[in-house]
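Asker:
Residue numbers (the numbering used here): 68 to 255.
Below, the structure written as structure tokens:
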């Protein structure tokens, strides 16, 4: 990434991230609205007991938000070694979350709940969790960017900016997953 001068104004770039957050919220709102209409027309939900891996992955993503929050606080206190450790932990937790999602999908397939089948409500679970997983991958990229910035000798404004962007996006996808999981639990 280019070296940003000390006069760097992060507001326009933060605005773009917020636009992405809002557009993603609208997209997932559309997904869940579609599901509600579909389920109402069929008179039933997906009918699955969701895999336990979804519960555990929810706890993992909450823990990752906590470690990212603590990394941001460490940066504000100029404790760079703690910031780096917490960013690494956040990355590891993100990877664990992704693996747990794949395990959940595998568990669903083993019970006969396939992506392509005669129940579109079940396919919906794969679609929303898969699109969310794509957001996780993007979030990991932002965390990697913040982590790389912590190892370079960059201006404080640039380092803080990278952390803020990663935090905005990561906390958003954390909240989004909790919403999706609760939605799926309530709409069986």
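Glycine included, every Cβ here is placed at the ideal spot set by N, Cα and C. Everything numeric in this text was worked out from a predicted model, so none of it was measured.
#1: Helix or strand or just coil, what does DSSP make of residue 170?
#2: Tell me whether residue 99 sits in a helix, a strand or coil according to DSSP, three-state version.
#3: Going by other Cβ atoms of all chains shown within 10 Å of its Cβ, with 16 needed for buried, is residue 178 buried or exposed?
#4: Starting from residue 141, trace the alpha helix (DSSP H) both ways and give me its first and last residue.
#5: If we count the other Cβ atoms within 10 Å of its Cβ and call it buried at 16 or more, is residue 204 buried or exposed?
#6: To the nearest angstrom, how far is the alpha carbon of residue 208 from that of residue 88?
#7: Reducing DSSP to helix, strand and coil, say where residue 160 ends up.
#8: In the DSSP assignment, find the unbroken alpha helix (DSSP H) run with residue 194 in it and report its ends.
#9: When we look at the beta-carbon of residue 83 and count the other beta-carbons within 10 Å, is it buried (16 or more) or exposed?
#10: Check whether the Cβ atoms of residue 233 and residue 210 sit closer than 7 Å, and answer yes or no.
#11: List the whole-angstrom C-beta distance separating residue 217 from residue 160, where the pair is believed to meet the contact cut-off of C-beta under 8 Å.
#12: Where do the ends of the alpha helix (DSSP H) carrying residue 241 lie?
#13: To the nearest whole angstrom, what separates the beta carbons of residue 117 and residue 247, a pair I think is in contact under 8 Å?
#14: Using the Cβ count rule (16 or more neighbours within 10 Å means buried), how would you classify residue 93?
#15: For residue 123 versus residue 191, is the C-beta spacing smaller than 7 Å?
#16: Hey, would you say residue 206 sits closer than 7 Å to residue 240, going by beta carbons?
#17: Within 6 Å: the Cβ of residue 226 and any heavy atom of the ligand ADP?
#18: Run through DSSP, which three-state label would residue 88 get?
#19: Whose CA, out of 156, 121, 132, lies closest to the CA of residue 236?
Answerer: Looking at the atomic coordinates:
#1: helix
#2: helix
#3: exposed
#4: 119-143
#5: exposed
#6: 16 Å
#7: helix
#8: 187-218
#9: exposed
#10: yes
#11: That pair is no contact at about 17 Å.
#12: 223-253
#13: Wrong, their Cβ atoms sit about 11 Å apart, outside the cutoff.
#14: exposed
#15: no
#16: yes
#17: Looking at this structure, you won't find the ligand ADP or any other ligand, since it has none at all.
#18: helix
#19: 132
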